[in-house]
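> Protein sequence lines correspond, in order, to chains E and U.
First residue of the first sequence: 1, per the numbering used here; consecutive thereafter.
First residue of the second sequence: 119, per the numbering used here; consecutive thereafter.
Just passing along the structure, written as structure tokens.
Protein chains: 2
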Amino acid sequence: MGNDSPGDRLAHEERVKYALQAMPSEDDISTLAARFKAISEPSRLKILFALSCGELCVEHIVQAVGGNQSAVSHQLKILKDNRIVKARRNGKQVMYSLADGHVMAMISVAKEHLNCND
Amino acid sequence: MGNDSPGDRLAHEERVKYALQAMPSEDDISTLAARFKAISEPSRLKILFALSCGELCVEHIVQAVGGNQSAVSHQLKILKDNRIVKARRNGKQVMYSLADGHVMAMISVAKEHLNCND
DNA sequence: CTATCTTATGAATTGTTATTCATATGATAA
DNA sequence: TTATCATATGAATAACAATTCATAAGATAG
């Protein structure tokens with residue numbers, strides 16, 4: 001034993017205490033994790049980039065990201081359930097768009113992270 | 119037929135064209151998706167919140183987020199492989215910390231999204 | 001009404017990912 | 001050296017998610 005000085009050990013315990021205080025509730029963690037999961041599939045991420053240019057109907061999303069209608073529809077449902085995108089009906093078509101600015105903000109930060117090799 | 123006016127149809131085709139131009143490369147999409155996936159598990163998200171208070175060794179991460187040593191170690195590997203966290207050895211311990219500010223920035227944006235019911 | 005266009009959904013299959021257990025590796029102290 | 005502490009990893013299982021197919025539902029035109 002004696003791997004830590006007493007001072008170090010105390011500092012570590014303090015850190016754990018702070019970490020526990022900063023921890024969001026289980027509910028918030030679940031919700032956040034679900035949202036990140038929603039945007040963590042390549043096809044769904046493509047859908048978001050497509051929608052970053054403005055609203056699109058399902059058929060055009062299919063054209064923009066590839067894949068088939070059923071798959072895209074399932075993916076849109078996941079994005080909608082997690083409030084990443086929103087939908088409005090326009091006659092026979094359903095127009096999809098990004099739910100709010102936070103979504104693109106998050107993706108922008110991620111893209112920056114991608115570009116700088118830190 | 120005749121579901122769209124000719125003007126509308128043109129506008130939609132333009133939108134698809136723009137969407138395709140704005141689309142990142144397959145490689146960038148994959149990398150981004152992998153990073154989002156890395157932070158989309160509740161336990162891994164908890165690890166990031168714990169590390170947002172400063173670096174921690176593995177044992178203390180285990181205390182802060184719950185779970186067992188092996189599971190946490192596997193999760194840390196995923197986070198490290200995706201450059202979400204970084205590690206430095208300190209004697210027998212390995213200290214983990216967030217890779218850079220982008221990570222917390224992304225999580226902060228997500229938390230805002232959580233708080234405002236838009 | 002029927003026919004058609006567009007989107008959504010249930011069920012089955014397939015593919016991925018997390019968790020656990022046992023053990024290996026790396027570092028330090030005696 | 002051996003003993004111990006701290007972390008990492010491989011392999012198996014178990015849990016979960018994505019994709020496909022077939023079909024249903026919603027909207028409009030005729």
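All C-beta atoms, glycine included, are put in the ideal place defined by N, C-alpha and C.
(1) For R83 of chain E, which of helix, strand or coil comes out of DSSP?
(2) Helix, strand or coil: which one does DSSP assign to M120 of chain E?
(3) Let me check understanding here. Comparing Cα to Cα, which of U:E159, U:S143 and U:M213 lies closest to G172 of chain U?
(4) Buried or exposed, going by whether 16 or more other CB atoms sit within 10 Å of the CB of R88 of chain E?
(5) Just reading off the alpha helix (DSSP H) that S226 of chain U is part of, what are its end residues?
(6) So, at 7 Å on beta carbons, what are the nonlocal neighbours of L163 of chain U in its own chain, with the 5 sequence-adjacent residues on each side left out?
(7) Three or more beta-carbon pairs under 8 Å between the segment 94 to 108 of chain E and the segment 14 to 25 of chain E, yes or no?
(8) For chain E, check one thing: does any of its Cβ atoms lie closer than 7 Å to the Cβ of A151 of chain U?
(9) Following the continuous alpha helix (DSSP H) through E26 of chain E, name the residue where it begins and the one where it ends.
(10) For the segment 179 to 192 of chain U against the segment 66 to 82 of chain E, do three or more pairs of beta-carbon atoms, one drawn from each stretch, fall closer than 8 Å, so that the two count as touching?
(11) For K111 of chain E, collect the residues of the same chain with a Cβ closer than 8 Å to its Cβ; drop the 5 residues on either side in sequence, then sort them by chain order.
(12) Drop a sphere of 10 angstroms on the beta-carbon of Q57 of chain E, count the other beta-carbons inside from all chains shown, and report buried for 16 or more, exposed for fewer.
(13) Name the residues in the segment 61 to 75 of chain E whose C-beta lies less than 7 Å from a C-beta of chain U; which are they?
(14) Report the neighbours of S52 of chain E on chain U: residues whose CB is nearer than 9 Å to its CB, in chain order.
In this structure, then:
(1) Numbered from 1 along the first sequence, position 83 holds the residue referred to as residue 83 of chain E. The DSSP-derived three-state label of R83 of chain E is coil.
(2) With chain E represented from 1 up to 118, any question about residue 120 of chain E goes unanswered, as that position is not in the structure.
(3) For this step, residue 172 of chain U is matched to residue 54 along the second sequence. Comparing Cα-Cα distances from G172 of chain U to each of U:E159, U:S143 and U:M213, the minimum goes to U:M213.
(4) The count along the first sequence starts at 1 and reaches residue 88 of chain E at position 88. With fewer than 16 other beta carbons inside 10 angstroms of its own, R88 of chain E counts as exposed.
(5) Here the question's residue 226 of chain U lines up with position 108 in the second sequence. Start and end: G219 to N233.
(6) Counted from its first residue, the second sequence places residue 163 of chain U at position 45. The beta carbon of L163 of chain U is closer than 7 Å to those of I157 in its chain, skipping five residues each way along the sequence.
(7) They do not touch, by the three-pair rule.
(8) Looking up residue 151 of chain U in the second sequence gives position 33. By this cut-off, A151 of chain U is an interface position.
(9) On the first sequence, residue 26 of chain E is found 26 positions in, with the first residue counted as 1. Taken as a continuous stretch (DSSP letters only), the alpha helix (DSSP H) holding E26 of chain E covers E26 to A38.
(10) Because the criterion of three Cβ pairs below 8 Å is not met, the segment 179 to 192 of chain U and the segment 66 to 82 of chain E do not touch.
(11) Within the first sequence, numbered from 1, the residue matching residue 111 of chain E stands at position 111. Nothing meets the Cβ criterion.
(12) Start at 1 with the first residue of the first sequence, and residue 57 of chain E comes out as number 57. First, the residue type needs correcting, since residue 57 of chain E is Cys and not Gln in the sequence shown. Buried.
(13) So the list reads Q63 and A64, given in the order they occur along the chain.
(14) The residue labelled residue 52 of chain E in the question sits at position 52 within the first sequence. Taking a Cβ-Cβ cut-off of 9 Å, the neighbours of S52 of chain E in chain U comprise A137 and A140, given in sequence order.
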